[in-house]
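S.K.: Here you go, one structure.
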Amino acid sequence: MNPFRLLWDSVTTFSSAYPAVLILNLPFLLIDIADFAPFPAGSSVFIRSIFFFVLLPWCLGATVFYFYQSTQQQTHSLQDAVQHAFSCWPRLILSSFLLVLPLVVAYYALFNLSWSILTLEQTIFQVLGFIVVMGLYWFSIYIELRIVLVPCLVALENTTIFESLRRSWKLTQGHWKLIIQILAVGFSLWGIAWRLQIPALTLVIGVVGSFLELALNFLVRPVVMGYYLLLYIRLKTLTEE
Numbered sequence: 088m089n090p091f092r093l094l095w096d097s098v099t100t101f102s103s104a105y106p107a108v109l110i111l112n113l114p115f116l117l118i119d120i121a122d123f124a125p126f127p128a129g130s131s132v133f134i135r136s137i138f139f140f141v142l143l144p145w146c147l148g149a150t151v152f153y154f155y156q157s158t159q160q161q162t163h164s165l166q167d168a169v170q171h172a173f174s175c176w177p178r179l180i181l182s183s184f185l186l187v188l189p190l191v192v193a194y195y196a197l198f199n200l201s202w203s204i205l206t207l208e209q210t211i212f213q214v215l216g217f218i219v220v221m222g223l224y225w226f227s228i229y230i231e232l233r234i235v236l237v238p239c240l241v242a243l244e245n246t247t248i249f250e251s252l253r254r255s256w257k258l259t260q261g262h263w264k265l266i267i268q269i270l271a272v273g274f275s276l277w278g279i280a281w282r283l284q285i286p287a288l289t290l291v292i293g294v295v296g297s298f299l300e301l302a303l304n305f306l307v308r309p310v311v312m313g314y315y316l317l318l319y320i321r322l323k324t325l326t327e328e
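In the working numbering, the protein residues as written are 88 to 328.
Next comes the structure, spelled out in structure tokens:
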């Protein structure tokens, strides 16, 4: 399973549902616009917290549900997707926390603990500390790879968090190299959409450059969600056929 081929397949598979999914993602665009607004200091952190831990899980659930139903030749409206996401919203929020936690631990180990080790006086302690930090880092990445399908499982199979963790662990077994490649491509797409700047427009007309960045982020986000959904579908087919 080639990650770039999977990306192309996800675009072609979900293309008919893409316009409707953009409507589901409109709240994201409003949050992004609000983040550019000149609110008091600290408001941006609050807005981002709402985005990642409240709005994103709900929108992910609605988007995944609508995309998936479009492949099953079943007729479902946007209202059905919205209601379904609301029905499992608490579990979607918890699944998002579970996905973020290993990344936070990995980041802390790599950029905080590693610098603290350099302050140790004894070389042996530095070596041992480095081994522990790298072990913690790679263990966190491994956990992230094995639970990456939890939100899709919650949204599509309506399972509990514990059952979703068990199912994700089973579906990803033996496919960690592929998942690393797919996550790398997905994060790259998201990162490019999130941080892309057009220097000429930003220098000449800063507002235009900012809104182009917002528009690109808005258009790419559903593509990434569909990409991860197709990963779930393909792994489920490979594992359970």
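Even for Gly, the Cβ is constructed at its ideal location relative to N, Cα and C.
From a predicted model like this one, the values you see are computed outputs, not experimental measurements.
When the distance is taken between beta carbons, is Val310 closer than 9 Å to Ser97?
M.R.: Start at 1 with the first residue of the sequence shown, and residue 97 comes out as number 10. Start at 1 with the first residue of the sequence shown, and residue 310 comes out as number 223. Against a cut-off of 9 Å, the Cβ pair of Val310 and Ser97 comes out as a contact.
S.K.: Quick one: grab the DSSP three-state call for Cys146.
M.R.: Here residue 146 is taken as the residue at index 59 of the sequence shown, counted from 1. Helix at Cys146.
S.K.: Taking C-beta to C-beta, are Ser29 and Val192 nearer than 9 Å?
M.R.: Past the edges of the chain, shown from 88 to 328, lies residue 29, and the structure says nothing about it.
S.K.: Say whether the region 107 to 114 touches the region 164 to 174, bearing in mind that this needs 3 or more beta-carbon pairs closer than 8 Å, one atom from each stretch.
M.R.: In short, these stretches touch, since the Cβ pair count reaches three.
S.K.: Quick one: is Ala302 buried, meaning 16 or more other Cβ sit within 10 Å of its Cβ, or exposed?
M.R.: On the sequence shown, residue 302 is found 215 positions in, with the first residue counted as 1. Its Cβ having fewer than 16 others within 10 Å, Ala302 is exposed.
S.K.: Compute the Euclidean distance between the alpha carbons of Phe184 and Lys323, then round it to the nearest angstrom.
M.R.: Here residue 184 corresponds to residue number 97 of the sequence shown, with the count starting at 1. Here residue 323 corresponds to residue number 236 of the sequence shown, with the count starting at 1. Cα to Cα, Phe184 sits roughly 23 Å from Lys323.
S.K.: Starting from the C-beta of Ile292, find all residues in its chain whose C-beta is less than 7 Å away, skip the five residues before and the five after it, and write them out in chain order.
M.R.: Numbered from 1 along the sequence shown, position 205 holds the residue referred to as residue 292. Legend: pLDDT at Ile292 = 49, less than 50; position of this residue unreliable, no value from coordinates given.
S.K.: Once DSSP output is grouped into helix, strand and coil, what is the label at Gly261?
M.R.: Residue mapping note: residue 261 aligns to position 174 of the sequence shown, counting from 1. Coil, per DSSP.
S.K.: Count the other C-beta atoms from every protein chain shown that fall within 10 angstroms of the C-beta of Ser275, then say buried if there are 16 or more, exposed otherwise.
M.R.: On the sequence shown, position 188 is the one that residue 275 refers to. Exposed: under 16 other Cβ atoms inside 10 Å.
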